[in-house]
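Beneath this line is the structure, given in structure tokens, with notes to follow.
Residue numbers (full-length UniProt numbering): 1 to 330.
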């Protein structure tokens with residue numbers, strides 16, 4: 001597995017990471033033993049960058065506990081990323097924010113315990129808090145870095161000015177943002193700022209929440225606890241457009257003797273050496289497929305054809321309007 005530098009602060013990780021969220025939430029019923037086995041197999045394949053969050057355990061720490069248990073025997077060989085910023089007491093889950101200094105410290109201590117470690121490699125603010133200036137957030141994380149409890153500071157789901165303000169207080173190593181052939185919002189205004197400041201980009205949902213794997217069905221056929229049951233991209237004319245685009249991508253992939261998912265991940269990797277996607281999966285077979293994307297070389301002609309198929313991304317919004325309104329675009 002190739003490795004890349006994420007930003008200019010010294011964070012060095014495998015070219016592909018593994019998102020652990022789906023092992024506990026958002027994609028239907030899960031199995032911890034299967035999740036642990038998949039994480040350990042990722043390590044065997046050379047993947048050393050694992051992503052979790054307080055939110056993914058619904059405040060119980062379950063997703064972090066799962067990850068901590070999985071990597072316990074090789075903790076020093078991997079980079080663990082987790083996140084703070086939601087009010088876990090708010091209903092429904094994910095509807096409230098809490099980046100107050102005392103809560104950041106509380107989450108950090110909980111995460112250290114759940115992950116069974118003495119330091120968090122990468123500590124993200126998961127979402128901006130309108131009641132707490134980012135300078136205050138960055139200051140607290142900077143203190144945690146000085147104390148040795150955190151190594152690197154990250155942000156998620158925020159825009160250029162927010163990034164600049166945070167970076168002026170405590171250097172930001174990484175921004176996590178949804179980015180894929182389906183979702184291109186980051187390209188115009190955010191990515192140039194990251195490169196100016198020496199900040200790496202970690203795309204989440206790099207396979208369009210599974211749509212770009214080619215294994216897909218309409219929203220109505222997913223259970224209610226699967227986020228694809230309400231995602232606009234799986235509904236009506238959006239679904240028809242996106243499915244057709246994916247079929248064309250499959251033709252490009254087959255001509256290269258790779259899968260559609262590998263094509264989509266290889267495209268992201270081709271966007272710059274400072275880009276490290278974190279596809280999530282529960283399946284060891286799918287994990288091996290994803291890992292193989294790191295060895296795929298796309299030609300100029302390949303990239304041009306992909307752009308022709310999806311010049312601006314997918315049809316349909318990635319989140320409901322109410323959720324998107326909570327993201328800081330400043």
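Idealized CB from N, CA, C, for every residue including glycine.
Predicted model only: the values in this text are computed from it and were never measured.
Next item on the list: Inspect the beta-carbon positions of residue 292 and residue 22 and report whether they are closer than 8 Å.
Entry: The count along the chain shown starts at 1 and reaches residue 292 at position 292. The count along the chain shown starts at 1 and reaches residue 22 at position 22. Taking 8 Å as the cut-off, the beta carbon of residue 292 is found no closer than this to the beta carbon of residue 22.
Notebook entry, point to check: For residue 205, which three-state DSSP category applies?
Noted result: If you number the chain shown from 1, residue 205 lands on position 205. The answer is coil: DSSP assigns residue 205 none of H, G, I, E or B.
Check: What does DSSP give as the partner residues of residue 87 in its beta bridges?
Finding: Numbered from its first residue, the chain shown carries residue 87 at position 87. Looking at the DSSP output, residue 87 sits in no beta bridge, so it has no partner there.
Item checked: Close Cβ partners of residue 48 (< 7 Å) along its chain, the five nearest in sequence each way excluded -> Working through the chain shown from its first residue, we reach residue 48 at position 48. So the qualifying residues of the chain are 13, 14, 77, 78 and 79.
Margin query: Am I right that residue 260 and residue 213 are in contact with their C-beta atoms under 8 Å? What's the rounded C-beta distance?
Written below: Along the chain shown, read from residue 1 onward, the residue named residue 260 stands at position 260. Along the chain shown, read from residue 1 onward, the residue named residue 213 stands at position 213. Between residue 213 and residue 260 the Cβ distance is about 7 Å, and since that is below 8 Å, they are a contact.
Notebook entry, point to check: Is the number of C-beta pairs between the region 91-98 and the region 62-69 that are closer than 8 Å three or more?
Noted result: Taking 8 Å as the limit for Cβ pairs, the verdict is that the region 62-69 does not touch the region 91-98.
Item checked: CB of residue 19 within 8 Å of CB of residue 182, strictly -> On the chain shown, position 19 is the one that residue 19 refers to. On the chain shown, position 182 is the one that residue 182 refers to. When the beta-carbon positions are compared, residue 19 and residue 182 stay at least 8 Å from each other.
Notebook entry, point to check: Between residue 194 and residue 217, what straight-line distance do the alpha-carbon atoms span, to the nearest angstrom?
Noted result: Residue numbering aside, residue 194 sits at position 194 when the chain shown is read from its first letter. Residue numbering aside, residue 217 sits at position 217 when the chain shown is read from its first letter. Cα-Cα distance, rounded: 36 Å.
Checklist line | Status (buried if at least 16 other CB within 10 Å, exposed otherwise) for residue 74 | finding: Position 74 of the chain shown, counted from the start, is the residue given in the question as residue 74. An exposed status is given to residue 74, since fewer than 16 other beta-carbon atoms sit within 10 Å of its beta-carbon.
Next item on the list: Could you tell me whether the region 170-179 touches the region 194-207, using the rule of 3 or more Cβ pairs below 8 Å?
Entry: Because the criterion of three Cβ pairs below 8 Å is met, the region 170-179 and the region 194-207 touch.
Next item on the list: Scan the region 208-284 and note each continuous alpha helix (DSSP H) run of 4 residues or more that stays entirely inside, going in chain order.
Entry: Counting only runs of 4 or more, we get 236-255 and 260-269.
Next item on the list: Report yes or no: do the region 247-267 and the region 230-239 share at least 3 C-beta pairs separated by less than 8 Å?
Entry: No, the region 247-267 is not in contact with the region 230-239.
Item checked: Whole-Å CB distance - residue 134 paired with residue 100, under 8 Å assumed -> Reading the chain shown from its first residue, position 134 is the one you call residue 134. Reading the chain shown from its first residue, position 100 is the one you call residue 100. Residue 134 to residue 100, Cβ: 13 Å. No contact.
Check: Taking the Cβ atom as the reference point for each residue, do residue 207 and residue 253 lie within a distance shorter than 8 Å?
Finding: Counting from 1 along the chain shown, the entry for residue 207 is found at position 207. Counting from 1 along the chain shown, the entry for residue 253 is found at position 253. It is not a contact, given that the beta carbons lie outside the stated cut-off.
Note to self: As a quick exercise: from 41, 44, 184 and 243, pick the residue whose alpha carbon is nearest that of residue 210.
What the structure shows: The residue you call residue 210 lines up with position 210 of the chain shown. Looking at the Cα atoms, 243 is the closest of the given residues.
Notebook entry, point to check: Roughly how many angstroms separate the alpha carbons of residue 141 and residue 50, rounded to a whole number?
Noted result: Within the chain shown, numbered from 1, the residue matching residue 141 stands at position 141. Within the chain shown, numbered from 1, the residue matching residue 50 stands at position 50. Looking at the two C-alpha atoms, the distance is approximately 20 Å.
Check: CB-CB under 8 Å to residue 129, same chain, minus the five flanking residues each way: which ones, in chain order?
Finding: As a first step, residue 129 must be located in the chain shown, where it is residue number 129. The residues 85, 97, 98, 99, 100 and 137, in chain order, have a CB closer than 8 Å to that of residue 129 in the same chain once the five nearest residues on each side in sequence are set aside.
Notebook entry, point to check: In the DSSP assignment, what residue or residues form a beta bridge with residue 153?
Noted result: In the chain shown, counting from the first residue as 1, residue 153 sits at position 153. 123 and 172, per the DSSP bridge assignment.
Check: For the putative contact between residue 57 and residue 24, defined by C-beta atoms under 8 Å, what is the C-beta separation to the nearest angstrom?
Finding: Residue mapping note: residue 57 aligns to position 57 of the chain shown, counting from 1. Residue mapping note: residue 24 aligns to position 24 of the chain shown, counting from 1. Confirmed, about 6 Å.
Next item on the list: Drop a sphere of 10 angstroms on the beta-carbon of residue 277, count the other beta-carbons inside from all chains shown, and report buried for 16 or more, exposed for fewer.
Entry: Mapped onto the chain shown, residue 277 falls at position 277. Its Cβ being crowded by 16 or more others within 10 Å, residue 277 is buried.
Checklist line | Euclidean distance between Cα positions of residue 191 and residue 175 | finding: Within the chain shown, the letter at position 191 stands for residue 191. Within the chain shown, the letter at position 175 stands for residue 175. Taking the straight line joining both Cα atoms gives about 9 Å.
Check: In its own chain, which residues sit with a C-beta less than 8 Å from the C-beta of residue 45, not counting the 5 before and 5 after it?
Finding: Indexing the chain shown from 1 puts residue 45 at position 45. So the list reads 1, 287, 288 and 291, once near-sequence residues are dropped.
Next item on the list: With distances taken Cα to Cα, identify the nearest neighbour of residue 5 among 31, 152 and 34.
Entry: Position 5 of the chain shown, counting from 1, holds the residue named residue 5. Of 31, 152 and 34, the residue nearest in Cα terms is 152.
Margin query: For residue 121, which residues in the same chain have their Cβ closer than 7 Å to its Cβ, ignoring the five residues on either side in sequence?
Written below: Here residue 121 corresponds to residue number 121 of the chain shown, with the count starting at 1. Here the set comprises 79, 80, 81, 151 and 152.
Check: Can you round the beta-carbon distance between residue 37 and residue 284 to whole angstroms, since I take them to be within the 8 Å contact cut?
Finding: Position 37 of the chain shown, counting from 1, holds the residue named residue 37. Position 284 of the chain shown, counting from 1, holds the residue named residue 284. Contact between residue 37 and residue 284 is confirmed by a C-beta separation of about 7 Å, below the 8 Å threshold.
Note to self: Going by DSSP in three states, residue 290 sits in which element: helix, strand or coil?
What the structure shows: On the chain shown, position 290 is the one that residue 290 refers to. Residue 290: helix per DSSP, three-state reduction.
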